[in-house]
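Colleague:
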Amino acid sequence: MALDYNIVLIGFMGAGKSAVSSYLRKNYGMDRIETDQIIAKREQMTISEIFERYGEEYFREKETALLTELQNRKNAVISCGGGAALREKNVAEMKKNGRVVLLTAAPETIYERVKNSSNRPLLAGRKSVEGIKELMEARRKKYEAAADIIIKTDNKKISEVCEELMRYV
Ligand code: S3P
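Numbering-wise, my numbering comes out as the position in the sequence shown, counting from 1, plus 2.
1. Roughly how many angstroms lie between the CA atoms of Cys82 and Val22, to the nearest whole one?
2. Any chance the CB of Met138 is under 7 Å from a heavy atom of the ligand S3P?
3. Assuming the contact rule is C-beta atoms closer than 8 Å, Asp6 and Ala78 should be a hit. Round their C-beta distance to whole Å, please.
4. What does Arg141 pair with, by DSSP beta-bridge criteria?
5. DSSP three-state label for Ser81, please.
6. With three or more beta-carbon pairs closer than 8 Å as the criterion, would you say the stretch 11-25 touches the stretch 143-157?
7. Ignoring anything shorter than 3 residues or poking outside the stretch 24-56, list the beta strand (DSSP E) runs there in chain order.
8. Look at Ile41 and Glu59 and say whether their C-beta atoms are less than 8 Å apart.
9. Given this structure, state the Cα-to-Cα distance separating Gly133 from Lys19, to the nearest angstrom.
10. Looking at Arg122 and the ligand S3P, is the gap between the Cβ and the nearest heavy atom below 7 Å?
11. Quick check on DSSP: helix, strand or coil for Thr111?
12. Between the C-alpha atoms of Met3 and Ala86, what's the straight-line distance to the nearest angstrom?
13. Quick check: what's the CA-CA separation for Glu90 versus Ala17?
14. Let me know the secondary structure DSSP gives Asn116 once reduced to three states.
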């Protein structure tokens with residue numbers, strides 16, 4: 003089955019976007035696009051280095067430009083960085099040819115998934131259930147407004163999340 007549109011994954015860091023995109027590539031033959039990876043490759047730096055050297059705004063501009071560029075694709079699963087859905091312009095781009103899927107998880111679940119990650123600058127100083135909860139709450143409305151479909155990932159295997167997702171597309 004090839005889709006003539008894209009699946010765009012959004013959600014907080016550690017919500018499972020990359021794991022889901024990997025599964026969909028392997029099991030459903032979709033093209034997999036990881037926006038963070040592409041930006042890091044183009045800039046020849048890790049995400050943390052980009053933030054450190056040029057600041058968040060620079061990274062956000064790269065993200066918007068890339069999302070705009072990706073809209074001519076189809077049958078791709080586009081896994082976005084956790085902040086991508088916060089800009090209206092980005093969401094408008096995502097919706098041009100994509101179904102936007104929000105993956106969610108409780109702060110406790112997210113904490114367990116990201117606690118050993120060192121390439122997430124926005125978690126610096128916030129690597130606790132409380133810190134995660136606070137940022138998640140600040141973002142929640144925008145995430146939900148952007149989403150066409152919302153899927154909870156707590157206590158589910160990646161295969162279960164993907165099967166649920168594919169029932170909607
Ligand atoms: C960010 C999430 C990261 C990455 C950057 C900013 C965010 O992606 O884009 O560190 O603002 O939530 P992941 O969601 O893949 O960790």
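Idealized CB from N, CA, C, for every residue including glycine.
Modeller: This is what the structure holds:
1. By 1-based counting over the sequence shown, the position of residue 82 is 80. By 1-based counting over the sequence shown, the position of residue 22 is 20. C-alpha separation (whole angstroms): 12 Å.
2. For the purposes of this step, residue 138 is taken as residue 136 along the sequence shown, with counting starting at 1. For the ligand S3P, not one heavy atom lies less than 7 Å from the Cβ of Met138.
3. Taking the first residue of the sequence shown as 1, we reach residue 6 at position 4. Taking the first residue of the sequence shown as 1, we reach residue 78 at position 76. Contact doesn't hold; Cβ gap of about 11 Å is too wide.
4. Residue 141 sits at position 139 when you count from the first residue of the sequence shown. Answer is none; Arg141 lacks a bridge partner.
5. Numbered from its first residue, the sequence shown carries residue 81 at position 79. Ser81: strand per DSSP, three-state reduction.
6. yes
7. 33-36
8. Within the sequence shown, residue 41 is the residue found at index 39, counting from 1. Within the sequence shown, residue 59 is the residue found at index 57, counting from 1. Cβ atoms of Ile41 and Glu59: not closer than 8 Å.
9. As a first step, residue 133 is located in the sequence shown; it is residue number 131 there, counting from the start. As a first step, residue 19 is located in the sequence shown; it is residue number 17 there, counting from the start. Each residue's alpha carbon lies about 20 Å from the other.
10. In the sequence shown, residue 122 corresponds to position 120, counting from 1. Checking the Cβ of Arg122 against the ligand S3P gives yes.
11. Here residue 111 corresponds to residue number 109 of the sequence shown, with the count starting at 1. Helix, per DSSP.
12. Here residue 3 is taken as the residue at index 1 of the sequence shown, counted from 1. Here residue 86 is taken as the residue at index 84 of the sequence shown, counted from 1. Near 28 Å, if we compare the C-alpha coordinates of Ala86 and Met3.
13. Walking along the sequence shown from the start, residue 90 turns up at place 88. Walking along the sequence shown from the start, residue 17 turns up at place 15. If I take the Cα positions, the gap works out to 21 Å.
14. By one-based count along the sequence shown, residue 116 stands at place 114. Residue identity check: residue 116 is Val in the sequence provided, not Asn. Of the three classes helix, strand and coil, the one that applies to Val116 here is helix, per DSSP.
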